[in-house]
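*Asks:*
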Amino acid sequence: MSQKLQLTDQVSENICQKLMQGKPLTQICREKELPSISVVYKWISQHQEFANKIVQARKIGCQTYLDEMITELENADNKNIMVVREKLHHYRWLASKLLPIYGDKQQIVQDTKVEITWQQPQEKVIEAESD
Numbered sequence: 018m019s020q021k022l023q024l025t026d027q028v029s030e031n032i033c034q035k036l037m038q039g040k041p042l043t044q045i046c047r048e049k050e051l052p053s054i055s056v057v058y059k060w061i062s063q064h065q066e067f068a069n070k071i072v073q074a075r076k077i078g079c080q081t082y083l084d085e086m087i088t089e090l091e092n093a094d095n096k097n098i099m100v101v102r103e104k105l106h107h108y109r110w111l112a113s114k115l116l117p118i119y120g121d122k123q124q125i126v127q128d129t130k131v132e133i134t135w136q137q138p139q140e141k142v143i144e145a146e147s148d
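Numbering (my numbering), first residue to last: 18 to 148.
Written as structure tokens, this is what we have:
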């Protein structure tokens, strides 16, 4: 952890880049040049733009996890297939929470307004007006 605990573009980019590579935030914050996890969480709560970058980086990192798991699954053998299977199950669950497209059910929101009007034939309207 550095002495300077200020959110700069360089620090923000560094954290987000590592998140996109699939590294957990707790592991990233253990590096000497980066702030502690509590400082990063404080920045997330105080800076909306930084919070949005973190969310986007985590989504990309989740995709990275899935790509790595596919490779690991393809290279699995009889000795480690159960471990790989369990890890894949965990990452699939994580992806379903971070990326709704991989979720158990997809929610479709439709906001449609239907307006029904009753119209009388033109002849009856004319008759009613003349009465």
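The C-beta atom is built at its ideal place from N, Cα and C for all residues, glycine as well.
Given the structure is predicted, the values throughout are model-derived calculations rather than measurements.
Flag this pair as yes or no: are the beta carbons of Leu111 and Cys79 separated by less than 8 Å?
*Replies:* Going by C-beta atoms, Leu111 is nearer than 8 Å to Cys79.
*Asks:* Relative to the alpha-carbon of Cys90, which residue among Asn31, Arg109, Leu24 has its alpha-carbon at the smallest distance?
*Replies:* Before going on, a small fix: residue 90 reads as Leu here, not Cys. The option with the nearest alpha carbon to Leu90 is Arg109.
*Asks:* So is Trp135 buried or exposed if we call it buried at 16+ other beta carbons inside 10 Å?
*Replies:* exposed
*Asks:* Taking the C-alpha atoms as reference points, what is the distance between Leu22 and Ile54?
*Replies:* 12 Å
*Asks:* If we count Cβ pairs, one from each stretch, closer than 8 Å, do we get three or more for the stretch 91 to 109 versus the stretch 57 to 77?
*Replies:* Result no; under three Cβ-Cβ pairs closer than 8 Å.
*Asks:* Which one of Glu132, Tyr82, Ile45, Lys96 has the shortest CA to CA distance from Glu106?
*Replies:* It should be pointed out that residue 106 corresponds to His in this sequence rather than to Glu. Taking only the C-alpha atoms, the option nearest His106 is Tyr82.
*Asks:* Taking C-beta to C-beta, are Ile32 and Ile45 nearer than 8 Å?
*Replies:* yes
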